[in-house]
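1388 is the number of the first residue of the sequence shown in this note's numbering; add one for each residue after it. Notes follow once the structure below has been shown.
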Amino acid sequence: MELSGPVTLPVGPFRLRPWREDDVNAAFAALVDPDTRLWNAGWVRTREDAAHWLERRQEWTLDEHASWAVEDAATAVLVGSVSLHSIDRDQNDAEIGYWTVPAARGRGVAARAVDAACQWGFGTLPIDRIELCHAVENVASGRVAEKAGFTYEGHLRRSYRYGDGVKHDELLWARLADDPAPLL
Ligand SMILES: CC(C)(COP(=O)(O)OP(=O)(O)OC[C@H]1O[C@@H](n2cnc3c(N)ncnc32)[C@H](O)[C@@H]1OP(=O)(O)O)[C@@H](O)C(=O)NCCC(=O)NCCS
C-alpha cells in the first residue's frame, strides 16, 4: 500500500508517534514489567530482546502492521504502545494490541491510543473491522476494549498461550468502522 510513511497522531494529552531506535531503554523497562510480560511479550528478557522487539515495530509495513509509541505530549516520556497488526487487506480487518507503562496506568492512555489507532485504520487503510482479544483474567484490558468502543462478541476457550506458558481462555471484542466512536 502506498502511504507516505509512519504518521504521528495527537490524542489529547498524549501523542502516537513512530518508534525510534533510541526508545530501546524505555521500551526495555516497560517490556520487563511482569504484567506486560504476562499479557504481551513474555519472550522479552534482555535488552537485546527489547531491541529486536523495537526493530520489528519500526518497520512500517501496512500489509502487516502499523505500530506506534505513545508518549506524554508535554514531557515526551514514553507511556505506552499500540499496534494494529495482522492487517488483512483481503478481509479488510486487523487486530489490535497495546500496553501502558506501569507508572502511567489508569490515566486513559490505552483507551485513547486504541481509539486513535482504530480511527486512523478505518480512515486510512481502509479496514472495516478490528478485533481485540484479551485473557479472561485481564479485566483491565476488557475495560479498555469497552471504553474504546468495542463490542463483546464471545468467549474463546484455551485460545492463546500467554507469557506464563499457559493457554488462557480469551474474550473477543470487535469494533466496526461504522460503530459509534467512544466519548473519551
Ligand atoms: C491493560 C492496560 C493496557 C490498561 O492500560 P491503561 O492505560 O491503564 O488503561 P486505561 O486507563 O485506558 O483504562 C483502564 C481501565 O481499567 C480499569 N482497571 C484497571 N485495573 C482493573 C482491574 N484489576 N479490574 C477492573 N478494572 C480495572 C481502570 O480503572 C480503567 O477503567 P476506568 O477508566 O473506567 O476507571 C495496562 O494495565 C497494561 O499495560 N497491562 C499489561 C499489559 C496488557 O494487559 N496489555 C493488554 C493485553 S490484551
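Using N, Cα and C, we set each Cβ at its ideal position, and we do this for glycine too.
Where Thr1448 is concerned, there is no enclosing alpha helix (DSSP H), because DSSP gives it neither an H nor an E. DSSP places Pro1513 in the coil class of the three-state scheme, outside both helix and strand. Here Glu1557 carries a strand assignment [DSSP, helix/strand/coil]. Remark: C-beta atoms of Phe1509 and Ala1564 approach each other more closely than 7 Å.
Residue environment analysis places Asn1427 among the buried positions, since at least 16 neighbouring C-beta atoms fall within 10 angstroms of its C-beta.
A residue is called buried once 16 or more other Cβ atoms fall within 10 Å of its Cβ, and Glu1408, having fewer, is exposed. The Cβ neighbour count for Arg1545, taken over all protein chains shown within 10 Å, is under 16; the residue is labelled exposed. At least 7 Å separates the beta-carbon of Val1431 from that of Gly1467. DSSP, read as helix, strand or coil, puts Leu1571 in coil. Taking 7 Å as the cut-off, the Cβ atoms of Pro1400 and Ala1460 count as close. Between ligand 1 and the CB of Ala1527, the shortest heavy atom gap is smaller than 6 Å.
Taking the Cβ atoms as the reference, Leu1543 lies roughly 6 Å from Asp1556, within the contact range of under 8 Å.
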